[in-house]
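See structure below.
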Amino acid sequence: MDVDGGSSSMGEEEKRKMMVVILVGAPGSGKSTFCDRVMRVSTRPWVRVCQDTISNGKSGTKTQCLTSAARALKDEKSVFIDRCNLDREQRADFVKLGSPQIDVHAVVFDLPAKLCISRSVKRVGHEGNLQGGKAAAVVNRMLQKKELPKLSEGFSRIAFCQNESDVQAAISAYSALGPLDTLPSGCFGQKSSDAKIQLGIMKFLKKVDAPMNAESKGNSLQNNVTTEITKENYSRCKGPEDIARTASKEEKEVEDLALSYADGCSSSDNIPTLAFPSISTADFQFDLEKAADIIVEKVSEFVTKLGNARLVLVDLSSGSKILSLVRAKAKQKNIDSDKFLTFVGDITRLYSKGGLCCNVIANAANWRLKAGGGGVNAAIFSAAGPALEIATKERAGSLTPGKAVVVPLPSTSPLFSREGVTHVIHVLGPNMNPQRPNFLNNDYIKGCKVLREAYSSLFEGFAFIVRSQEALCKDRTVKLGSVLSESTVDFEISCMNQVSNTDQKFKREGVYESERNKKSKGCQEELGSNIIGATSGEDNAKNEKNNGGVSKAWGSWAQALYHVAMHPEMHKNDVMEISDDIVVLNDLYPKAKRHLLVVARFEGLDRLADASKDHLELLRAMHAVGLKWAEKCLIEDKTLVFRLGYHSAPSMRQLHLHVISQDFDSKHLKNKKHWNSFNTPFFLDSVDVIEEIDKCGRATLKDDDRLLSMELRCHRCRSAHPNLPRLKSHIGNCRAPFPPLLLQNSRLVLGLNEDGTNQ
DNA sequence: GTTCTAGAAC
DNA sequence: GTTCTAGAAC
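Here the first sequence is numbered in the numbering used here, starting from 90 and rising by one per residue.
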């Protein structure tokens, strides 16, 4: 149950929080039945405001409903708004009933129209008097106006029900709410529905019709492209409306997650698309013929690797020479026109002006990765707003020619909200312009090589995004279902969709370079030496692996464990056990009653991402030592339960295994990140890591920041809590059994009873 | 990783 | 006014 089970821990002084639950659905979708069933069993006082019966049993007005709802809230009763509420305008006044003390939820009955109609038709004596043959026409007409609710309308929670089991889950969730309970905020259960896609189609077609046709007339390939998109691919195209519901600040986090669950994952049919400008041919004056050859060569190399994804070469001018050269060459080479398109338009307005959905755009960046200059770089930075500059700075300070850096675009960026762009890949091509510093002096041997590398880096970066999104989806589909439907949120643990180690490392650094570039660094180093700011310090030198021209070293504060591992003799007071391979010490800031670290002593094994089959024996040894210490602690305190595992993306350098008791009773456990780093899939159980590395050679890391900012849920009963102090007071009392997932496969280490059985 | 602190949330 | 979070600095 998603319900906060800890009402006792909240104390008597806890203020009762009311709810307005706006039901959204056509006649016959099951709204009234929903109310009846919840109200029959709920211990929370509810009032059902039904427009069909509000006027002495007869149909009334919206105003009457509003008055009645306000009165009920004043009496400290929660309210169901039982009317169709199918469009935003219809809902708006009811949403306004919300306040800090009153949550506004939507429960959406997004059931097949056929079902609603057949129920309405069969219905005798329905309160709204909508029965018989008339029903079909009414339901159909109403559904045409349907506008699914969004968090940005002011809802704190939206649950979408698309089948009977979803409805049942929603009934259970609301039925179980006691007077003081709340439900977690966010958007739950949304799958790609026909209705949503239909809406997308309408908008998409409208936009495609206007500016694009004007520009692409007389251009056969482009018309061809347009036709392809509108006729075949529209339903697979994820428009910004779908991914960029703007949310109030407090909802954003939850919503972002919900979005990626709901949209990224469920619409298996949206096509990841990279829009890229021609690199180096504008300000860097690269020869157009040569550039076109390289584009076509690289595109044809990558389209086969990209699966479902598409590449789109974009140029602002309809008379663009590079576009026509590339089009001709692509045609000659028979490149699949489903996978590679050319497009005339502004790369920052592809969706809003061109109707083309591109989740990733490439930027022909400058080496400093700074805004301004001119051309595409200036346009993209300006359209994306400061969010892109900040996000870029976090990833990299500079770039060498031939390389690319992937920057996830924050949802605050207009490019994200308006255009649906989730990532920008900055790529730096070779510079042939004698007016600019570091130009290649007409050396096209080097120039072509660097340009090839640039496209490879760019496409590899895009391929990585595509792969990681696919992986993320599969991981999360499981979760989405369980959030709405049930009690234990079982995070899938699997080695499917494993991302290769190389990719993981690149992801960490956010920098992509082509295979060729990795092998021969000659060219880049010449330029690179003055471009990339040199880092100093012994540790940093050892510590920059795969830095790809951009340094992102461990901070000095992150080196503590590394120093202990390398020089344990200098930390005799802290170290509890030393061997050739490992050291054991108490975590300096324990997040539970007992919290130990088993640290590997191998130089170069900074984190789990670095571990491969070669390290299996070490990992097993670390596990054995961790287990030994857990058992030692259990002798002192039999009530403890331990879990052994790794953080997907640790903050401290040097591979370390956490051995942590599951009471989480510690003054050092202070924030969401602390909690979620031990209680979401970010924490990888040692047993699973060993099993996976044994099987697949690598552990699948879940180093997504969103996991660390997820809602706070009890690790035992999975109830959600609004803040850390509340969660802490709940876990102090919660005696629910651990979720089955943790009880399996020896993920938990429990004390033994006197008869030798687990306690 | 922590500490500090501004400002949001209550 | 107090509590809590989240971002910057280290």
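For every residue, glycine included, the Cβ atom is placed at its ideal position computed from N, Cα and C.
Member of the options whose CA lies at the smallest distance from the CA of residue i
i, options, result
"Gly518", "Ala710, Tyr651, Ser750 and Pro366", "Pro366"
"Glu236", "Gln179, Pro273 and Pro201", "Gln179"
"Ala454", "Leu529, Tyr544 and Lys410", "Tyr544"
"Arg541", "Ser487, Lys379, Gln374 and Glu165", "Lys379"
"Leu686", "Thr728, Arg742 and Asp270", "Arg742"
"Val70", "Gly491, Asn174, Ile514 and Ala809", "Because the chain here runs from 90 to 848, residue 70 falls outside it and cannot be looked at."
"Lys123", "Gly509, Ala259 and Arg690", "According to the sequence displayed, residue 123 carries Phe and not Lys. Of the candidates Gly509, Ala259 and Arg690, the one whose C-alpha sits nearest the C-alpha of Phe123 is Ala259."
"Gln279", "Ala248, Pro268 and Gly149", "Ala248"
"Ser121", "Asp141, Thr132 and Leu733", "Asp141"
"Val127", "Ser261, Leu200 and Arg105", "Ser261"
"Gln374", "Phe391, Ile411, Leu269 and Gly149", "Ile411"
Enclosing beta strand (DSSP E) for residue i [first to last residue]
i, result
"Asn822", "From DSSP, Asn822 is part of no beta strand (DSSP E) but of the alpha helix (DSSP H) over Leu813 to Asn822."
"Glu666", "Val664 to Ile667"
"Ala493", "Lys492 to Pro497"
"Trp135", "Trp135 to Cys139"
"Glu451", "The displayed chain sequence assigns Ala, not Glu, to residue 451. Looking at the DSSP string, the run of the beta strand (DSSP E) that includes Ala451 is Val449 to Ala453."
"Asp774", "Phe772 to Asp774"
Pair within 7 Å by beta-carbon distance, residue i and residue j
i, j, result
"Pro361", "Asn448", "yes"
"Val193", "Gly114", "no"
"Cys803", "Ile820", "yes"
"His512", "Pro526", "no"
"Val401", "Leu430", "yes"
"Leu674", "Val664", "yes"
"Asp171", "Leu112", "yes"
"Ser118", "Phe169", "no"
"Lys791", "Pro770", "yes"
"Ala710", "Asp670", "yes"
"Ala476", "Ser506", "no"
"Leu773", "Ala689", "no"
"Gly461", "Ala467", "yes"
Rounded Cβ spacing between residue i and residue j (contact assumed at less than 8 Å)
i, j, result
"Ile436", "Ser389", "Not a contact, Cβ separation roughly 22 Å."
"Ser775", "Leu746", "6 Å"
"Leu363", "Phe551", "4 Å"
"Ser209", "Pro116", "5 Å"
"Pro238", "Ala195", "4 Å"
"Pro865", "Ala809", "Outside the shown range of the chain, which is 90 to 848, sits residue 865, and nothing can be said about it."
"Leu377", "Leu414", "6 Å"
"Thr271", "Lys106", "6 Å"
"Val714", "Glu666", "7 Å"
Proximity test, residue i beta-carbon vs the ligand COA heavy atom, cut-off 6 Å
i, result
"Cys124", "Absence of the ligand COA is noted for the structure shown, with no ligands found whatsoever."
Range covered by the alpha helix (DSSP H) that runs through residue i
i, result
"Ser120", "With the sequence shown as reference, residue 120 is identified as Lys, and Ser is not the correct amino acid for it. Lys120 -> alpha helix (DSSP H) spans Lys120 to Val130."
"Pro829", "Pro829 to Leu832"
"Val653", "Ala649 to Met655"
"Phe391", "Leu377 to Val392"
"Pro475", "Pro475 to Arg484"
"Val803", "Correcting the residue type first, residue 803 is Cys in the shown sequence and not Val. Taken as a continuous stretch (DSSP letters only), Cys803 belongs to no alpha helix (DSSP H), as it is neither H nor E."
"His704", "Run containing His704: none; DSSP gives neither H nor E here."
"Ala262", "Glu253 to Ser264"
"Pro503", "Pro503 to Glu508"
"Ile411", "Lys410 to Gln421"
"Phe753", "Premise fails: Phe753 is in no alpha helix (DSSP H) and is neither H nor E."
Status (buried if at least 16 other CB within 10 Å, exposed otherwise) for residue i
i, result
"Gln190", "exposed"
"Trp718", "buried"
"Val130", "exposed"
"Pro829", "exposed"
"Tyr263", "buried"
"Gly570", "Below a pLDDT of 50, predicted positions are generally treated as unreliable, and Gly570, at 31, falls in that range; the measurement from the model is reported next regardless. Classification of Gly570: buried, given that the 10 Å Cβ count is 16 or more."
"Lys760", "Per the sequence shown, the amino acid found at residue 760 is Asn instead of Lys. It is exposed - the Cβ of Asn760 has fewer than 16 other Cβ atoms within 10 Å."
"Leu162", "buried"
"Lys428", "buried"
"Glu253", "exposed"
"Ser740", "exposed"
"Asp164", "exposed"
"Trp646", "exposed"
"Ile724", "exposed"
"His656", "exposed"
"His757", "exposed"
"Met659", "exposed"
"Lys538", "buried"
"Ile514", "buried"
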